[in-house]
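Protein chains in written order, with UniProt numbering: chain A, 1 to 627; chain B, 1 to 627.
Heads up, the beta-carbon is just placed ideally off N, CA and C, and yes, glycines get one too.
A quick note: this is a predicted structure, and the numbers were derived from the prediction, not measured.
Take a look at the structure below.
There are 2 protein chains.
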Amino acid sequence: MVQNDGDTWSSDDTFRVLIASDIHLGHLENDAVRGEDSFIAFEEVLSLAVQYDVDLVLLGGDLFDHAKPSPSCMFKCTQILRKYCLGDKPVSVEVLSDQLDNFSRAVNYEDPNLNVSYPVLSIHGNHDDPVGQHGVSSLDILSISGLVNYFGRCSDYSRVRIAPVLLRKGRSRLALYGLSHIKDQRLARLFLEKKVEMELVDDSGEWFNMLVLHQNRADRGPHNFIPENVLPSFLDLVVWGHEHDSQVFAAKDVKRENENFLVVQPGSTVATSLAAGEALPKHCVLLQLHQKEYIVTPLPLKTVRPFIFKTVVLSEENLDQEDVNEKEKVQSLLTEKVNEAIKEAEILHSGDPKQPLLPLVRLSVFFQHEGQDFNRVRFCQNFNGLVANPKDILIMKREKKFRERKERIDESSDVDIGGAAAEAADVESLLRAYYAAQPAERRLAVLSVRAVTEAVRDFTLKRDDDVFRRVLDAHRQRAVDLLLQSSAETVDEVDEQLKTCKEALDAADEESLRTVIAAAATAAATATKAAAATKKSESILLSSDEEASPSTRARGRGARGGRTRARGRGAGRGARAVSPPAPAPVERRSTPRRSAAQKTSSWLQALTSERTTRRRRDSSDIEISDD
Amino acid sequence: MVQNDGDTWSSDDTFRVLIASDIHLGHLENDAVRGEDSFIAFEEVLSLAVQYDVDLVLLGGDLFDHAKPSPSCMFKCTQILRKYCLGDKPVSVEVLSDQLDNFSRAVNYEDPNLNVSYPVLSIHGNHDDPVGQHGVSSLDILSISGLVNYFGRCSDYSRVRIAPVLLRKGRSRLALYGLSHIKDQRLARLFLEKKVEMELVDDSGEWFNMLVLHQNRADRGPHNFIPENVLPSFLDLVVWGHEHDSQVFAAKDVKRENENFLVVQPGSTVATSLAAGEALPKHCVLLQLHQKEYIVTPLPLKTVRPFIFKTVVLSEENLDQEDVNEKEKVQSLLTEKVNEAIKEAEILHSGDPKQPLLPLVRLSVFFQHEGQDFNRVRFCQNFNGLVANPKDILIMKREKKFRERKERIDESSDVDIGGAAAEAADVESLLRAYYAAQPAERRLAVLSVRAVTEAVRDFTLKRDDDVFRRVLDAHRQRAVDLLLQSSAETVDEVDEQLKTCKEALDAADEESLRTVIAAAATAAATATKAAAATKKSESILLSSDEEASPSTRARGRGARGGRTRARGRGAGRGARAVSPPAPAPVERRSTPRRSAAQKTSSWLQALTSERTTRRRRDSSDIEISDD
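Below, the structure is given as structure tokens:
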């Protein structure tokens, strides 16, 4: 039975899709009070999928809070997916596109060894994107387990080409474009340079065209978000992940020519920060599709912990500033506000027995002078057991600074630096500032600051333990290659050459730097392997084919290899691109550099010992060692 | 078709079990040359299971090299398991015992949503044991995914009681006892104290009784291994995991009264250290069982990388010690030895195209004086591309020291401290020594050294990121509880009380310390939750049942909860224990300590601010803070 006004639609021809996003499994999983919140909400989302008997579940990224979820998190996620998504109910949706191209493997409900009733399709977000040397995402693990159909992953960041998942149910046809998270600055530039292409189906007018992406939608500074108007107009509907405030409204419509597509922003299912946007009611979404007509129905989540956010501006309250007891007055005012919030949270009780009732409370307090400040830790302890976040109820800001900054911004531009952006001093900017502040002789001599800061970010945010080794290998390989090509003989010449190499790296823009590093990393890995496989010797008879086969095979099994191969076929399927045809991609050195590799070790040894000796006197830089 | 002499056995009555152990998936996974070795061997093991058409695959622990495998490792493991173990072939083995009791859930081949052809049963080893606050092993994830049947996990370390998995195939019956890894010292003591019980089946004489365990078998010091004679004599066969040297011989037999059980030690499938034992040929094992008769057939693995281990004693070589060029002579001798080893490795080429051919070579060199030592890094670089481990071909030891230590050992005892044990200075002993060497005022004032060193071990070996927080919480909770019970009022009295508390911890033996810490950790978590759930207030109407329900439910879903509950039932199934019945287990404080928790915060605050202030002058100890 189709809901709302769609009850005249034949259910055999009507897609029913449950949409949710930013589930952040494992968020605060070790918190005694809040540890289960993300899992409870995920369970509600999937139980709604069963309740509304949908054909598909579509997730907009950030299923996991960490790129490397804890074993416990992975366990619970698998458990919940198996509980709700497996079963005997047949799936009535047909995949018309190349499944290997879309998902790196067959769609899970066609796997003869698995019984899937509710197929989940997901892109990755910025929290669960691929990590490590082998570039594996947690979604890859769920995909190989047959529990999630992972799509929309991009392997070439210099040019994005999206082949849709083509789905048919009766007379309705859905072209689903997936764009897993790419750094906003990079993607914004790619859009600007018209390097993002979506393959159109031949009879695209007959298809309902839908895009799911995971990017900044709110303006967070120039080139740090994706403006809606850069997305192609042939789209009927866009599912926007990443933004945590739920912005989704009931709608029954069909897109007419020259009209904008509808944007559905489900928002997160768990509050991962105590910002105002997270205090809005949370939803997942039921989308019903009948040919080109759609009905969007927000489904309020009933198991989300109540969250009350209040802003208190002390200058607007009637406080006598001359009073010696001003501190006490402020505290009793704020105590009252917290108690009000706790009271208000009761309105948010849904009656669902699984809903955690202890509320989240956040007061954003603007104060005027130090006399109004007080021991916040002690204040918060009064609410132990009354709120779910006793340690961070308060955030205190100096009103003057806030007003000044606000005025400065209002004067200089119309950019809206709101809560999230104002606090978003990222680790890269901090490191850049640090290195820029160093005197010349203490700056990095070989490594690119940008590459290092990006590595630090990947290490901290994505727990990519191996990233430093890869970046160092890449720099070393590049330096050695350049030295081999040059005529440098003396130590001074080598130093000069290294300086040139470093300057070239610094001058490179972000994109070409990444390309260079990736190419050098590949070359470094290949060189090691090639040296291992091909160095001739009297003492062994070594077939390089045999030696290379295990790893080659293994790589072919992985997600990347399959995807790239399949994409080539996809383009020949009769699809045409919206943007002009792509030029040949930037060439990457992936052939084994045998001669260079053979020469490498002695050069490296010279380089290493020289630099190590010199560094010992000034150890402010990162050493290049042979380990 | 039954192999060997068993061809008169009806295959309907004959169990066929493929046994392997210590697969160490992910070992050196980022090594460009050796990264795939562990996965290649695992794939061979499972392909042998298919080739020999076995009923079950039995693994002896350490399927993973790390307790928290990388996403890439988890991906490849899942991929290999799905490739070989799923399919339409029916499984003809019946599970007669309580599956929930054995595996925390149904055996995977009875799952209606999965098609399993080759069921894998596994215990955990010391490398893949449960980690984190929620105690989840990687095997739990494979278990909830339906790919492995994880058994033999013990939840009570003060008394071990093993309920067998009871399996029937036609007229043959197999009682399979699983004992996942427990620290050797602890398990040895439990055996000594007769606190390890194996539930006997009523008609145990009719059953083939088999135990799989993962412990030190070789003598690595007093109470640091499990002597075979402590295992009960009713066992017919023991599969011994953990020891990496493969010791398994063809046998066709039946155990007669007063005879010892047969021990099958499969060994590892990948060399994880370059020790002599790892250079022995590697195997998995085909076990065929017909009622009480068995046939054991070692199956040599053909995809294992060749490994040659040589010992060189320089004093036994004809080197002229007066020669000025002694260094060069030593180097050319060793070069010759390495080249010999590379040559010898060719004999180990199996012809399997998946076998990596570049050999591992290790020379264990005993030298006499510094004049024989040389730049080993440079020496090893000569073998880049000729061996798989160019960086660690050599291990050099002073012959004199070795001889002295050997003589000392020979004189003092007949304990054989061999290669592995001699190098096994564990992190706990190092830390203990460190703290013991500190002057009194710099020693730990509140924390137990033993608890801290165990935590460091869990952090380093098991990557249990959360262990410090748990141990600190436990100590704090215990200290606060004791302070609340005492009449301490002044700072000096509090200090005195803390000292007493610390002394009690130091005096506790390992087992009771663990019990105390576990109880305090539970109490700390419960206190937080109880405080959250029950503190009364006018402003909210909070049902503690509702608040507590999500996490309680979630815990019930986990492995531990299910196991404990099921075990109670298992005992009533007509099984009887070999050891005398267990007394009531050590009581653990798991009831919410509401009044204590309510009082805690102010006490803690006083304690924290006091100690923080004082510590600032002497920051040599770990601070107790309220975070």
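Name, please, each residue of chain A whose Cβ falls closer than 9 Å to the Cβ of Val136/B. Ser70, Pro71, Ser72, Cys73, Met74, Phe75, Lys76
Residues sharing a beta bridge with Tyr294/A, DSSP: Asp253/A, Leu289/A
Proximal residues, the stretch 141-160 of chain B versus chain A, C-beta separation under 9 Å: Ile141, Ser143, Ile144, Ser145, Gly146, Leu147
Contact with chain B by Gly132/A, beta-carbon distance below 8 Å: yes
Can you name the residues of chain A whose CB is closer than 7 Å to the CB of Leu86/B? Asn113
Between Lys252/B and Leu59/B, what straight-line distance do the alpha-carbon atoms span, to the nearest angstrom? 22 Å
CB-CB under 7 Å to Val107/A, same chain, minus the five flanking residues each way: which ones, in chain order? Val95, Gln99, Pro119, Asn149
Limits of the beta strand (DSSP E) - the one that Ala20/B falls within: 14-20
If we call anything under 8 Å between Cβ atoms a contact, is residue 635/A one with Leu262/A? Residue 635/A lies beyond the stretch modelled for chain A, which goes from 1 to 627, so this question has no answer here.
So is Asn108/A in contact with chain B if we call contact Cβ pairs under 8 Å? no
In angstroms with no decimal places, state the Cα-to-Cα distance between residue 666/A and Ala451/A. Only positions 1 to 627 of chain A appear in this structure, which leaves residue 666/A out of reach.
First through last residue of the alpha helix (DSSP H) which encompasses Thr500/B: 491-507
Following a CB-centred definition, is Val230/A positioned closer than 7 Å to any heavy atom of the ligand HEM? For the structure depicted, the ligand HEM is absent and the ligand set is empty, with no information on it obtainable.
I want to verify the contact list: residues of chain A whose CB lies under 7 Å from the CB of Asn30/B, in sequence order. Gln133, Asp466
So with Cβ pairs under 8 Å, would you call Arg362/A a contact of chain B? no
So if I threshold CB-CB distances at 7 Å, which residues from the stretch 207-230 of chain B count as touching chain A? none
Considering only the beta carbon of each residue, do Ala474/A and Ala520/A sit closer than 8 Å? yes
What first and last residue would you give for the alpha helix (DSSP H) that runs through Glu343/A? Before going on, a small fix: residue 343/A reads as Lys here, not Glu. Residues 326-345.
Residues, ordered as in the chain, of the stretch 503-521 of chain B that lie near chain A by beta-carbon distance below 9 Å: none
Delimiting residues of the alpha helix (DSSP H) encompassing Ser143/A: 138-144
Whether Arg16/B touches Asp65/B by CB criterion (8 Å): no
Per DSSP, cross-strand counterpart(s) of Gln265/B: Gln247/B
Spell out whether any CB of chain A is found under 8 Å from the CB atom of Arg82/B. yes
Could you give the distance in angstroms between the alpha-carbon of Asp481/B and the alpha-carbon of Tyr84/A? 44 Å
Cut-off 6 Å between Cβ atoms - residues of its own chain near Arg362/A, not counting five sequence neighbours on either side: Leu274, Phe309
Does the count of Cβ pairs from the stretch 61-78 of chain B and the stretch 16-34 of chain B closer than 8 Å reach three? yes
Closer than 6 Å by C-beta to Ala175/A: which residues in its own chain qualify, once you throw out the five before and the five after it? Chain order, please. Pro164, Leu166, Val201, Trp207, Asn209
Should Gln485/B go down as buried or exposed, given a rule of 16 or more other Cβ atoms within 10 Å for buried? exposed
Measure the C-alpha to C-alpha separation of Val93/A and Ile162/A and round it to an integer number of angstroms. 21 Å
So, does the CB of Phe379/A fall closer than 8 Å to a CB anywhere in chain B? no
Continuous beta strand (DSSP E) stretch holding Val239/B: start and end: 237-241
Assuming the contact rule is C-beta atoms closer than 8 Å, Cys380/A and Ile395/A should be a hit. Round their C-beta distance to whole Å, please. No, Cys380/A and Ile395/A are not in contact; Cβ-Cβ is about 11 Å, not under 8 Å.
Can you tell me which of the three DSSP states Ala175/B falls into? strand
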